[in-house]
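>
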Amino acid sequence: MADGQDSASLDDLEEPSWFVTKRIREGLYLTQEPYFFEGNRCNIWLIKGPHKDVVIDTGIGVQNLRKHLEKEALIDPIDGTRECIAVLSHVHFDHSGGAKDFTNVLIHELEVEALRGAVSTETLNYVKASHFHKEPYKGFNVNKYKVVPTECQSVQDGDKIDLGQGEYLQVIHVPGHTGGSIIIYYPKYSELYVGDFVYECTNGSNLLDWAPNSCMSHYLDSARKIAQWISSNHIQKVYPGHFEIISPTRTTQLLEQYIESRAGVCSRCCTGCLKPLVKMYFALGCFKMKCCP
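So the mapping is simple: the working numbering equals the position in the sequence shown, first residue as 1, plus 12.
Below you can see the structure in the form of C-alpha cells.
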C-alpha cells in the first residue's frame, strides 16, 4: 500500500513467475504483477537509455523486482557496468514497495522522509488477502505486509536524470494525488510517464484525490498545467501507473473531465470535510479505488 518481510527473506524466496514483462518498443519494457488485484496493480516501466537504465515505479515489493529484471537480462547485476536507477512517481505502497531492491532510489523531496521511515499514513499499505490471486511465496502473511524503510535521494521539479549521449528524463512535480507526485518526461521520444496522476478510469472525475495524503486544490492546479503542457509539447505517448496505455488526446480529455468535476467551491470543501472519514476508512481497510468495480 509488516512486521514486514525483510529483503533477505524475499531474495531467498523469489519466484520469477510473480512478474510478467513485455517489450513495448526498443528500449522500453512494461512489468506487471498479474497475481495482484488489478485496481492497485502497478505498471512498472523500464527505460534503457544509452548508458543507464531507469525503472519507473517498483510494485508492491513482495518479490524481488531487481532479480527478476536481471534474470530477464534487462538490467545488469548491482556490480555490473550499467547503473540502474529506480524513480518513484509517489510514495504509495503499490509504487514504492519494491524500491528496497535497488541501491539508487529517487523520489520527490516532499516524500523522502516518508519512504525512509516507511510512514504508513503516507505509503498506505492497503492489501487484503483477496487481492492476491496466488501467494507470492509459501508462508506469506498479508497481515504483516508493509513498505519497509528504504534509503532514497530527492528530486525536484525540473531535475534531469542523465541517460547518456545527451538523453535525459525530466522530472515534473504534479502535487494532488500525493504532495510529492511527479511525472517523467522523455524528450527524445516525446513520452510522458504519469504514475497515478492520470490513468484510464472511464471518466476523469474518478481520478483519486481523496486519499489521506491527497489535495484536491493542488490536483486541480496540476491538471490545468499539464493539460496545456501536453498539447504545447506535442506528446506522442502517455504511459500511466495503472491500466492500459492512453493517448495524449485521451489524457487531456481525462484531465479536462477532472477539472470540470472539481472546479466548484463546494467540491473543494468536500475533500476537507471528508478527510477524517477517509482516514478512518484506510485504518479499517475499507479503501477502494473509485474507478474499480
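Virtual Cβ for every residue (Gly too), placed ideally from N, Cα, C.
Here the structure is a predicted model, which means the values were calculated and not measured.
Using C-beta distances below 8 Å, list every residue in its chain close to residue 265, excluding the 5 sequence neighbours before and after it, in chain order.
Answer for residue 265: 216, listed in chain order.
> Are the Cβ atoms of residue 118 and residue 97 separated by less than 8 Å?
Taking 8 Å as the Cβ cut-off, residue 118 and residue 97 qualify as a contacting pair.
> Considering only C-alpha positions, which residue in the set 257, 31, 271, 275 is nearest to residue 145?
Of the candidates 257, 31, 271, 275, the one whose C-alpha sits nearest the C-alpha of residue 145 is 31.
> What whole-angstrom Cβ distance do residue 166 and residue 190 have, given they're in contact under 8 Å?
Incorrect: roughly 15 Å between the Cβ atoms, too far for contact.
> For the region 128-184, which segments carrying the beta strand (DSSP E) assignment without a break, of at least 3 residues, lie completely within its bounds, in sequence order?
With a minimum length of 3 residues, the continuous beta strand (DSSP E) runs that stay inside the region 128-184 are 165-167, 172-176.
> Going along the chain, which residues of its own chain have a beta-carbon closer than 7 Å to the beta-carbon of residue 39, five neighbours each way excluded?
Excluding positions up to five away in sequence, the list reads 59, 60.
> Quick one: using the 10 Å Cβ neighbour count with 16 as the cut-off for buried, is residue 199 buried or exposed?
It is exposed - the Cβ of residue 199 has fewer than 16 other Cβ atoms within 10 Å.
> Nearest to residue 56 by CA position, among 67, 162, 248, 238, is which residue?
With distances taken between Cα atoms, residue 56 lies closest to 67.
> Return the residue from the list 125, 212, 34 that minimises the CA-CA distance to residue 262.
Residue 212 is the option with its Cα nearest to residue 262.
> DSSP three-state call for residue 281: helix, strand or coil?
With a pLDDT of only 47 at residue 281, under 50, the local geometry of the prediction cannot be trusted, and the value read off the model is given with reservation. The answer is helix: DSSP assigns residue 281 an H, G or I state.
> Just to confirm before moving on: does the CB-CB distance between residue 103 and residue 126 stay below 8 Å?
Contact: yes.
> Is it buried or exposed for residue 71, if we count other Cβ within 10 angstroms and need 16 for buried?
By the neighbour-count rule (16 or more Cβ atoms within 10 Å), residue 71 is buried.
> Is it right to say residue 306 is buried, meaning 16 or more other beta carbons lie within 10 angstroms of its own, or is it exposed?
Since the first residue shown for the chain is 13 and the last is 305, residue 306 is missing from the structure and cannot be characterised.
> Mind checking whether residue 62 and residue 182 have CB atoms under 8 Å apart?
Taking 8 Å as the Cβ cut-off, residue 62 and residue 182 do not qualify as a contacting pair.
> Here's a check: name, in chain order, each residue in its chain whose Cβ is nearer than 7 Å to the Cβ of residue 246, leaving out the five neighbours to either side.
Closer than 7 Å at the Cβ level, and outside the excluded window around residue 246, lie 202.
> In the structure shown, what three-state DSSP assignment does residue 98 receive?
Residue 98: strand per DSSP, three-state reduction.
> Please report how far the alpha carbon of residue 267 lies from the alpha carbon of residue 49, in whole angstroms.
Rounded to whole angstroms, residue 267 to residue 49 spans 25 Å at the Cα level.
> Would you report the Cα separation of residue 89 and residue 82, rounded to the nearest angstrom?
Taking the straight line joining both Cα atoms gives about 6 Å.
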